[in-house]
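Residues in the sequence shown are numbered from 1 upward in steps of one, following UniProt numbering.
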Amino acid sequence: MMEPIQSTENKAAVRPMPHSMEASSRQRCARNYFELFNRLSRYQTDTSSGRSQLMAELGVLVSESVCFEDPFGAVEGRQALADYLMRFAEQVEEGRFELLQQAWDDNSCMLLWSFSGVNPQFGDADGIWRFEGVSVLYFDAGDKISRHIDYWDSGTCVYQKLPILGAVIRWVKRRIHSG
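Right, here's the structure in full:
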């Protein structure tokens, strides 16, 4: 059974990702995987060695056949995940994920996070792109991540900001909200 997620009203009540020796290998794996996302820009400085370093880190954290899904699609395999992460890092400067809450059971965890980064196309007036989401991580018998599913509002965070499609989406939202 999953541990209950605590309210965001009281940030002091939110447990941080465990750093102690008592943390399970799955908790350490999830923490290291989450922290890897905050280092993505470092892998871009030298594409070949950066990609090699990213693959080495992923090799410790995710299964060879890892499945990753988000609102834009899915990739399967460690190499495909590395390619996806490198493309994401190319589109966002100073990308940063902050862990807000977490819930665990024996074979999976849910991580509520907040993202911010510089992306003039999708960001606010200052070019800062912000949104919250939830990642669900599933672990295999070897305590590696076998599946990662991201849930976040791509309609508001991306599609609504596109020139033509965004205008249509905003019009539909106004019609729905006006009754």
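Think of the CB as a built atom: it goes at the ideal place given N, C-alpha and C, for glycine as much as any other residue.
| Item | Value |
| --- | --- |
| Inter-residue spacing [alpha-carbon to alpha-carbon] between R170 and P71 | 19 Å |
| Nearest-angstrom Cα separation, counted from V168 out to R174 | 10 Å |
| Every unbroken beta strand (DSSP E) within the UniProt domain "SnoaL-like" (56–148), with a cutoff of 3 residues, ordered by chain | 62–70, 73–76, 93–104, 108–118, 128–139 |
| E93 versus A141, G133, R42, V134, residue with shortest Cα-Cα distance | R42 |
| Whole-angstrom distance between L81 and L165, CA atom to CA atom | 28 Å |
| Whether V136 touches I145 by CB criterion (8 Å) | no |
| Residue from E35, G50, V62, Q160 whose Cα sits closest to the Cα of D124 | Q160 |
| Spatially closest choice to F115 from F97, V60, E69, by CA coordinates | F97 |
| Candidates R39, V66, Q102, S63: closest to Q53 by CA position | R39 |
| Chain-order list of residues whose beta-carbon lies under 8 Å from that of E64 (same chain, five-residue window excluded) | G77, R78 |
| Element boundaries [alpha helix (DSSP H), containing G166] | 163–178 |
| Nearest residue (CA-CA) to D126, options G117, L100, V134, C157 | G117 |
| DSSP bridge partner residues for Y43 (one or two, in chain order) | The partner list for Y43 (beta bridge, DSSP) is empty, contrary to what the question assumes. |
| Buried/exposed call for R31, threshold 16 Cβ in 10 Å | buried |
| Cutoff 7 Å; reference D143; Cβ partners in own chain excluding five residues on either side | S25, R26, C29 |
| Closest Cα partner of F88 within the set F37, C109, T156, G50 | F37 |
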